[in-house]
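This report concerns only the one structure given below.
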Amino acid sequence: MILSTAFSLGVSLLGQATSAEAPSPPAIESPSRTAPAQSPIAELNTGPRTRLRGNWVGRQPVSPSLKIVVMAGHADSQGMHGSGTPGAAVDQRGEAPMDPRMRDELFWNRKVRDAVVALSKQKGLNIIGYDPGALSIAKASDPRTNWSVARRLSRQGNYILEIHFDAYSPHGYGSGLIPALNRNLNRVDESLALSFGRFPRLFRGGLGGPRRGISILEIGMLEGILEANLRNPKTREATIQAIALQVTDALMLGVRGKTSSNPPPGVVDNAPLTSNPQTNSEVE
Numbered sequence: 001m002i003l004s005t006a007f008s009l010g011v012s013l014l015g016q017a018t019s020a021e022a023p024s025p026p027a028i029e030s031p032s033r034t035a036p037a038q039s040p041i042a043e044l045n046t047g048p049r050t051r052l053r054g055n056w057v058g059r060q061p062v063s064p065s066l067k068i069v070v071m072a073g074h075a076d077s078q079g080m081h082g083s084g085t086p087g088a089a090v091d092q093r094g095e096a097p098m099d100p101r102m103r104d105e106l107f108w109n110r111k112v113r114d115a116v117v118a119l120s121k122q123k124g125l126n127i128i129g130y131d132p133g134a135l136s137i138a139k140a141s142d143p144r145t146n147w148s149v150a151r152r153l154s155r156q157g158n159y160i161l162e163i164h165f166d167a168y169s170p171h172g173y174g175s176g177l178i179p180a181l182n183r184n185l186n187r188v189d190e191s192l193a194l195s196f197g198r199f200p201r202l203f204r205g206g207l208g209g210p211r212r213g214i215s216i217l218e219i220g221m222l223e224g225i226l227e228a229n230l231r232n233p234k235t236r237e238a239t240i241q242a243i244a245l246q247v248t249d250a251l252m253l254g255v256r257g258k259t260s261s262n263p264p265p266g267v268v269d270n271a272p273l274t275s276n277p278q279t280n281s282e283v284e
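First residue of the sequence shown? That's 1 in our numbering, and the numbers climb one at a time after it.
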């Protein structure tokens with residue numbers, strides 16, 4: 001009963017307050033009345049796809065009413081081990097973080113999460129966003145964390161998608177999907193992989209998020225043109241919306257079963273299902 005109550009308090013749609021964690025966000029988060037007019041981007045450039053070979057394919061059809069839950073990666077681990085990449089601008093060039101309360105990756109993860117949910121709702125998908133309501137939660141088993149919520153909702157048959165940006169080179173791998181490990185792979189997994197790339201299902205031995213039902217989507221390495229377009233106030237919103245559109249289109253194709261049921265040459269789903277509840281953030 002206690003866990004159930006805590007869970008109901010923790011799960012919310014987008015916009016859950018986090019003011020108890022830190023002072024109000026800096027001016028860069030202010031409404032567009034103080035920001036320059038947005039300029040379109042010539043073409044979305046998320047950088048290279050991962051070169052790691054993903055030997056899997058998602059064949060399982062899904063219901064047209066499939067509920068999709070979108071999370072921001074590292075949303076509850078700021079100031080802790082596993083808090084996400086600062087990005088090349090901060091780490092290599094010494095630029096100020098977008099929000100001093102969090103790593104730049106989380107800043108952009110949250111922006112993309114919100115945009116994907118808003119756009120997908122407009123297009124008729126059954127989708128919500130989740131925010132844990134705290135930037136730092138020490139225990140992975142806390143009922144508010146992404147992992148705890150994902151494990152519960154995944155068991156109910158929901159599709160859990162966690163948005164990430166990969167580390168800058170040479171540390172990152174590029175864009176791609178790391179699919180869930182606790183269920184059969186489906187057409188939504190396949191559609192996202194066709195659009196962004198395909199990581200091995202057992203990447204780094206099997207991450208903690210996928211073991212709990214999360215499909216991790218790496219948008220791209222946080223560097224170069226992608227990071228520059230995100231940081232530039234003139235192209236920021238257009239870039240976020242372009243990313244959201246690519247994600248939304250992939251989700252729609254997967255839900256509607258319009259992805260190919262045949263794997264690319266040499267691709268097979270060879271990873272076993274697992275319910276290993278490990279919580280080591282290095283193997284998340």
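Glycine residues also receive a C-beta, built at the ideal position from the N, C-alpha and C atoms.
The beta carbons of Arg151 and Arg212 sit closer together than 8 Å.
Exclusion of the five residues before and after Gly197 leaves Arg49, Thr50, Ser175 and Gly176 as the residues of its chain whose Cβ lies within less than 6 Å of its Cβ. The secondary-structure analysis by DSSP pairs Glu162 across a beta bridge with Met71 and Ile216. Note: Met221 is bridge-paired with Asp166 in the DSSP secondary-structure output. Beta-bridge pairing by DSSP links Gly84 to no other residue.
DSSP lists no bridge partner for Gly208. Under DSSP, the beta-bridge partners assigned to Asn186 are Gln60.
Ile127: member of the beta strand (DSSP E) spanning Ile127 to Tyr130, first to last residue.
Per DSSP, reduced to three states, the secondary structure at Ser120 is helical. No Cβ-Cβ contact shorter than 8 Å links Gly58 with Glu223. Taking 8 Å as the cut-off, the Cβ atoms of Val255 and Leu66 count as close. The alpha-carbon of Phe107 is positioned some 15 Å away from that of Val116. Only residues of its own chain outside the window of five on either side were considered, and among them Met221 and Glu223 have a CB closer than 7 Å to the CB of Ser169, listed in chain order. By the C-beta criterion, the stretch 153–168 is judged to be in contact with the stretch 62–82, since at least 3 inter-stretch pairs fall below 8 Å. Per DSSP, reduced to three states, the secondary structure at Gly133 is coil, with no helix or strand assignment. The three-state reading of DSSP puts Ser148 in helix, counting H, G and I together. The alpha-carbon separation between Ala193 and Gly208 amounts to approximately 20 Å.
Restricting attention to Ala140, Tyr173 and Leu230, the CA atom closest to the CA of Gly82 is found in Ala140.
Cβ-Cβ separation between Leu226 and Asn109: approximately 13 Å, too far for a contact (criterion under 8 Å). Annotation for Gly176: the continuous beta strand (DSSP E) segment containing it runs Gly176 to Ile178. Ser65 sits in coil when the DSSP states are folded into three classes, being neither helix nor strand. Around the beta carbon of Ala138, fewer than 16 other beta carbons lie within 10 angstroms, which makes this residue exposed. Across the structure, Val188 and Pro210 are spaced so that their CA atoms are roughly 15 Å apart.
In the structure shown, Ser154 falls within a helical segment according to DSSP collapsed to helix, strand and coil.
In the displayed model, Ser195 falls within a helix according to three-state DSSP. With a cut-off of 8 Å on Cβ pairs, the stretch 115–130 is not in contact with the stretch 83–97, counting fewer than three such pairs.
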